[in-house]
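Novice:
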Amino acid sequence: MNGEPSHENSQSIEEHLQVIPSELEIIKQDFEKRNAELERKIEQMEEEKMNLRLDADVQKLEVEMLKKGKLRPKKI
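Residues in the sequence shown are numbered from 1 upward in steps of one, following full-length UniProt numbering.
(1) Tell me whether K60 sits in a helix, a strand or coil according to DSSP, three-state version.
(2) Would you identify the three-state DSSP class for S22, choosing helix, strand or coil?
(3) With H, G and I counted as helix, E and B as strand and the rest as coil, what does DSSP make of L71?
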């Protein structure tokens with residue numbers, strides 16, 4: 001051996017490095033996973049917000065109709 005790495009050794013090191021993800025790649029994957037989770041939560045919250053607005057609109061209409069005498073109060 002003349003002190004230079006053999007072709008086989010350098011190839012196996014390259015293969016090894018390709019298999020092991022870098023710290024940056026791991027952080028990127030974690031970020032993308034967390035980002036996807038947050039996007040799903042945002043979509044759920046937006047849907048819930050829309051439903052709450054619809055519920056509030058219905059309640060406002062019921063109050064208006066009660067005031068005008070067009071709707072009888074619900075019995076609980």
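The beta carbon of each residue, even a glycine, is placed where N, CA and C say it ideally should be. From a predicted model like this one, the values you see are computed outputs, not experimental measurements.
Specialist: For this structure:
(1) helix
(2) coil
(3) coil
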